[in-house]
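If you read the protein sequences in the order shown, they are chains V and E. Sequential numbering from 531 applies to the first sequence in the numbering used here. Sequential numbering from 1196 applies to the second sequence in the numbering used here. Here is the structure we will look at, set down as structure tokens.
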Amino acid sequence: MYIYPMYSSELIKGTLKTIVLNLLKENDRMYGYEITQKVKELTSNKIQITEGALYPTLHALEKHGDVITDKVYIGKRVRKYYILTDQGKKTVKERVNELADFMKTMRFLLDIDSSLSNV
Amino acid sequence: MYKVNDEQIDFILSDIAKRGIETEDVRFNILDHVCCIIENEMPNDSDFIEFYERTISRFYKKKLRELQEETNNLIIFKYYYAMRRTLKISGAASMILSILGAIFKAQHLPGANILILLSLFFFAFIFIPLNIVMKFKNKEEGTNRFVMSFGFIVGIIITTGFIFKLFYWPASNIIMLGGLSLFSFIFIPIYFITSYRSETTRFNGIINTTFMVAGAGLVFALVSMKTSANVTSSIHSMESFQSEKVRHLKVKNTELYKTVEQLDIKEAEAIRIATKRLDDIILAISANLISHSNSVPFEKAKSIKFRDVIGLNNSTIIQREFDNSKGKFSHNELINAANSYNETIKLIQPKGVLQPIDINKTQMSNTILSVVLIELTNIRANIYYNEYSYLCYQQGLLAQKT
């Protein structure tokens, strides 16, 4: 349910936080819709974040102090911008490094390089 | 680009609320997101309501309420961390305080009771309740949660009993005995059966049951629920010995007064009056305590013998009628009477023969009825012995002269 086309949800379930945090690192402040659009754009529609997964994740990040919010009133609407905190910056680094390491291990474990060269 | 108007915003907001989103923050997040989608993605020719329905269905699997529940879980999860921290701190605090309290108590240092009270308080009213809450959060534990929570509640009862016992509050034995019985005869069997049934918990269950039976047995054995027969009989013989001594001294002193009468010493009269006054006060205090304990009138209580006193192990009467009382039968009144007695004997020659009465050295506050009654008789024995010493001395002087 969380992230559709291309990849199975199990595969990317654990990476949603990392994706969101990394996006916030590269953009000063973003709001929910912007994040989903940005991910779609960057991955050429391969990864689409659903709203049902995004908002609980953003809430969790806010509760743990990785992001803070900035409310902007647009007429009757309120837009919540998410901004990375210093703690969040540390978390991004840890998360990205962890994922990179994990990918390296998986590459080795599944013998991806050699199997590709075998084709 | 399509622009969502205010009317439509109101419609979306009320619809989101109707679908079970309670938190304002979440409501506005969804509103803005829906508006963004509509404004950016809605084809020019499509209907607003229809497109909205399609958009909002992207947010959930079965119903929009899921988002609210997910958010609630996250908020509770935040408390979960705070709870775990409190659990650790209260556990550590109760452990450290109880060890310190035990050391203080063993060394008779001041503040031991406060340390132990705090420790038991942290344990019974913060640590154990949090444990119950945490057990219920963990849905994987199944029926085990009920068994463990029952055990924790029994733990609270026993600890409360300990606190009551420590401060000689009433009903401490009932609370403790009740808690220990619940623990031994209900909790341990249930725990054993439930853990024995599952193969994974069987081994641990047997080990833990052994520990608990041993622990409960030790507590049962160590905390005597009633004074033993040996102690009771020795208390009675102690009292009758002292009473006998008082009676004997009184007879002796009456004879001695007759002998020294011819000397016509003012001091002898002063001692006689001081002794009589303090003795009367002590007898009145005893009678007052016995009258409350046996529920008889004051006058009748005067003639009740120690062996017929009901509730010798009772401490409530001591607290209410003696320790914390402000009347003429109070601990303070006794101290005042002893002080005025001491003032009198201080003036009497020869110095050092007569021993002043130091109430603070007696064990009379925060204790049980039998101890107070015996201590009171001890004081009586001491003052009559003082009187006896003085009279013997005078008699010696008289013998020398003749």
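Using N, Cα and C, we set each Cβ at its ideal position, and we do this for glycine too. Keep in mind it's a predicted model, so treat the numbers as computed, not measured.
So what's Y1363 of chain E in DSSP terms, helix, strand or just coil?
-> For the purposes of this step, residue 1363 of chain E is taken as residue 168 along the second sequence, with counting starting at 1. Residue state, collapsed to three classes: coil.
Output, in chain order, the set of chain V residues within a Cβ distance shorter than 7 Å of R1214 of chain E.
-> On the second sequence, residue 1214 of chain E is found 19 positions in, with the first residue counted as 1. Ordered by position in chain V, no residue passes the 7 Å Cβ test against R1214 of chain E, which lies about 13 Å from the chain.
Is the CB-CB distance between N1239 of chain E and L1282 of chain E below 8 Å?
-> One-based indexing of the second sequence puts residue 1239 of chain E at position 44. One-based indexing of the second sequence puts residue 1282 of chain E at position 87. Against a cut-off of 8 Å, the Cβ pair of L1282 of chain E and N1239 of chain E comes out as no contact.
Are I1430 of chain E and I1569 of chain E close, meaning C-beta to C-beta below 8 Å?
-> Within the second sequence, the letter at position 235 stands for residue 1430 of chain E. Within the second sequence, the letter at position 374 stands for residue 1569 of chain E. Yes, they are a contact pair.
Those residues which DSSP pairs with V1548 of chain E across a bridge = In the second sequence, residue 1548 of chain E corresponds to position 353, counting from 1. BP columns for V1548 of chain E are empty, so no partner.
What residue does the alpha helix (DSSP H) around T1389 of chain E start on, and which one ends it?
-> As a working mapping, residue 1389 of chain E is identified with position 194 in the second sequence. That run of the alpha helix (DSSP H) goes I1383 to R1392.
At least one CB of chain E closer than 8 Å to the CB of I533 of chain V: is that the case?
-> As a working mapping, residue 533 of chain V is identified with position 3 in the first sequence. Any reading at I533 of chain V needs caution, since the residue's pLDDT is 44, under 50, leaving its predicted position unreliable; the model's value is listed next. Output row for I533 of chain V: interface = no.
Hey, would you say T1454 of chain E sits closer than 8 Å to I1578 of chain E, going by beta carbons?
-> Here residue 1454 of chain E refers to the residue found at position 259 when the second sequence is read from its first residue. Here residue 1578 of chain E refers to the residue found at position 383 when the second sequence is read from its first residue. No, the pair does not count as a contact, with Cβ atoms beyond the cut-off.
Keeping to the same chain, check which residues put their C-beta closer than 7 Å to that of G1374 of chain E; ignore five residues upstream and five downstream.
-> Residue numbering aside, residue 1374 of chain E sits at position 179 when the second sequence is read from its first letter. Excluding positions up to five away in sequence, the list reads V1349, I1352, I1353 and G1356.
If we count Cβ pairs, one from each stretch, closer than 8 Å, do we get three or more for the segment 1248-1264 of chain E versus the segment 1294-1314 of chain E?
-> no
Residue of E:S1510, E:S1435 and E:Q1558 minimising C-alpha distance to K1500 of chain E = As a position in the second sequence, residue 1500 of chain E is number 305, starting the count at 1. Looking at the Cα atoms, E:S1435 is the closest of the given residues.
Would you check if there are 3 or more beta carbon pairs closer than 8 Å linking the segment 547-556 of chain V to the segment 616-628 of chain V?
-> yes
Starting from the N-terminal side, write out each stretch of the alpha helix (DSSP H) that is 4 residues or longer and does not extend beyond the segment 1256-1329 of chain E.
-> 1260-1301 and 1307-1317
Along chain V, in chain order, which residues have C-beta atoms closer than 7 Å to that of F1254 of chain E?
-> Your numbering for residue 1254 of chain E matches position 59 in the second sequence. E581 and G582, listed in chain order.
Identify which residue in E:L1417, E:T1338 and E:K1447 has its Cα closest to the Cα of S1393 of chain E.
-> Mapped onto the second sequence, residue 1393 of chain E falls at position 198. That would be E:T1338, whose Cα lies nearest to the Cα of S1393 of chain E.
Which of the three DSSP states, helix, strand or coil, is assigned to I1214 of chain E?
-> For the purposes of this step, residue 1214 of chain E is taken as the residue at position 19 of the second sequence. According to the sequence shown, residue 1214 of chain E is Arg rather than Ile. Three-state DSSP puts R1214 of chain E in coil, outside helix and strand.
Sorted by chain position, which residues of the same chain lie with C-beta nearer than 6 Å to K650 of chain V's C-beta, five sequence neighbours on each side aside?
-> Summary: the structure shown does not reach residue 650 of chain V, with chain V confined to residues 531 through 649, and so no result is reported for it.
Using a beta-carbon distance below 8 Å, is E1248 of chain E in contact with chain V?
-> If you number the second sequence from 1, residue 1248 of chain E lands on position 53. With 8 Å as the cut-off, E1248 of chain E does not count as an interface residue toward chain V.
Identity of the residue in E:Y1536, E:T1562, E:F1316 and E:A1482 nearest N1519 of chain E by Cα = In the second sequence, residue 1519 of chain E corresponds to position 324, counting from 1. That would be E:T1562, whose Cα lies nearest to the Cα of N1519 of chain E.
Consult DSSP for I533 of chain V and reduce its assignment to one of helix, strand or coil.
-> Taking the first residue of the first sequence as 1, we reach residue 533 of chain V at position 3. Residue confidence for I533 of chain V is low, a pLDDT of 44 falling below 50, so the modelled location carries little weight; the figure read from the coordinates is stated next. I533 of chain V falls in the strand class under three-state DSSP.
Start-to-end residues for the alpha helix (DSSP H) that takes in K1198 of chain E = By one-based count along the second sequence, residue 1198 of chain E stands at place 3. That residue, K1198 of chain E, is in no alpha helix (DSSP H); it is neither H nor E in DSSP.
Which partner residues of K1447 of chain E appear in the DSSP bridge assignment?
-> As a first step, residue 1447 of chain E must be located in the second sequence, where it is residue number 252. None, per the DSSP bridge assignment.
Quick one: which residues of the segment 1348-1378 of chain E get their C-beta closer than 9 Å to a C-beta of chain V? List them in chain order.
-> none
Determine the direct distance from the alpha carbon of R1340 of chain E to that of F1331 of chain E, and round the result to whole angstroms.
-> Residue mapping note: residue 1331 of chain E aligns to position 136 of the second sequence, counting from 1. Residue mapping note: residue 1340 of chain E aligns to position 145 of the second sequence, counting from 1. The straight-line gap from Cα to Cα measures roughly 6 Å.
In whole angstroms, what is the alpha-carbon distance linking S1344 of chain E and F1382 of chain E?
-> Working through the second sequence from its first residue, we reach residue 1344 of chain E at position 149. Working through the second sequence from its first residue, we reach residue 1382 of chain E at position 187. Their Cα atoms are separated by approximately 10 Å.
Do Y585 of chain V and I1232 of chain E have their C-beta atoms within less than 8 Å of each other?
-> For the purposes of this step, residue 585 of chain V is identified with residue 55 of the first sequence, where counting begins at 1. For the purposes of this step, residue 1232 of chain E is identified with residue 37 of the second sequence, where counting begins at 1. For Y585 of chain V and I1232 of chain E, no; Cβs fall outside 8 Å.
So M633 of chain V is in the alpha helix (DSSP H); what residue range does that whole segment cover?
-> For the purposes of this step, residue 633 of chain V is taken as the residue at position 103 of the first sequence. Note, M633 of chain V: alpha helix (DSSP H), D616 to L639.
At 7 Å on the CB atoms, spell out the chain E contacts of K606 of chain V, in chain order.
-> Along the first sequence, read from residue 1 onward, the residue named residue 606 of chain V stands at position 76. Neighbours of K606 of chain V on chain E, chain order: D1201 and I1204.
Just the Cα atoms here: how many angstroms apart are Q567 of chain V and C1230 of chain E?
-> Along the first sequence, one-based indexing puts residue 567 of chain V at 37. Along the second sequence, one-based indexing puts residue 1230 of chain E at 35. Roughly 14 Å separates the two Cα atoms.
Classification of N1581 of chain E by the beta-carbon crowding that lies within 10 angstroms, buried from 16 upward = Here the question's residue 1581 of chain E lines up with position 386 in the second sequence. By the 10 Å Cβ count, N1581 of chain E comes out buried.
Rounded C-alpha distance that separates M1278 of chain E from E1217 of chain E | Locating residue 1278 of chain E in the second sequence gives position 83, where the first residue counts as 1. Locating residue 1217 of chain E in the second sequence gives position 22, where the first residue counts as 1. Between M1278 of chain E and E1217 of chain E, the C-alpha separation is close to 25 Å.
Got a sec, what are the start and stop residues for the alpha helix (DSSP H) R559 of chain V sits in?
-> Within the first sequence, residue 559 of chain V is the residue found at index 29, counting from 1. No alpha helix (DSSP H) holds R559 of chain V; the beta strand (DSSP E) holding it covers R559 to Y561.
Contact with chain V by I1211 of chain E, beta-carbon distance below 8 Å | In the second sequence, residue 1211 of chain E corresponds to position 16, counting from 1. Chain V contact via Cβ: absent.
With contact counted as at least three CB pairs below 8 Å, one residue from each stretch, are the segment 628-638 of chain V and the segment 606-616 of chain V in contact?
-> no
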